[in-house]
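S.K.: Residue numbers (our numbering): 22 to 157.
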Ligand code: HEM
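1) For residue 95, which of helix, strand or coil comes out of DSSP?
2) DSSP three-state call for residue 90: helix, strand or coil?
3) Is the region 96 to 109 touching the region 139 to 154, taking contact as three or more C-beta pairs under 8 Å?
4) Is it the case that the CB of residue 28 approaches a heavy atom of the ligand HEM more closely than 8 Å?
5) Check the C-beta distance from residue 32 over to residue 77 and give it rounded, since I have them as a contact under 8 Å.
6) Could you check what DSSP says for residue 23 in three-state terms: helix, strand or coil?
7) Which runs of the alpha helix (DSSP H) fall wholly inside the region 63 to 140 and span at least 4 residues, in chain order?
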């Protein structure tokens with residue numbers, strides 16, 4: 022029991038800091054004014070954070086499998102919320118990677134729009150997290 026709780030808590034530590042970095046990193050680039058000069062370095066942080074969300078999210082499932090031999094039986098609402106999170110995280114990771122690979126040729130308005138989309142994806146995932154938590 023103690024080791025199981027510790028495993029969940031450590032996965033949650035990664036997951037919580039990842040959530041903060043995904044949204045906070047994109048907001049920082051946009052607010053209070055768009056800061057193009059920071060966009061690349063913050064994109065690396067955001068890419069790492071989306072990756073951490075996917076990795077730690079999968080780790081939650083792996084811990085359940087290890088201790089119970091199955092993943093939790095989720096309600097339809099919780100399952101939908103989980104699907105929304107996986108979709109948001111995958112899209113966020115790919116969009117950030119695309120920006121890091123090709124973004125040097127993009128104009129200022131396109132870069133700004135990219136970070137606006139990243140904020141929207143972060144907000145969507147965090148909202149879905151609340152539904153996953155309370156409809157499980
Ligand atoms: C592959 C993507 C993801 C998977 C598989 C995943 C999975 C999970 C799981 C299994 C939990 C525990 C649910 C519970 O306590 O009942 C959780 C919690 C949480 N997730 Fe995710 N997640 C993913 C992406 C994200 C993203 C992108 C964010 C935010 C940007 C996020 C934010 C949170 C938060 C804040 C919690 C804690 C909710 C609470 O206990 O109140 N997750 N996630």
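Backbone N, C-alpha and C define an ideal beta-carbon position, used for all residues, glycine too.
M.R.: Straight from the coordinates:
1) Three-state result, residue 95: coil.
2) Here residue 90 sits in coil by DSSP.
3) In short, these stretches touch, since the Cβ pair count reaches three.
4) No, since every heavy atom of the ligand HEM falls outside the 8 Å radius drawn around the Cβ of residue 28.
5) Confirmed, Cβ separation roughly 5 Å.
6) In the structure shown, residue 23 falls within a helical segment according to DSSP collapsed to helix, strand and coil.
7) Runs of the alpha helix (DSSP H) inside the region 63 to 140: 97 to 123.
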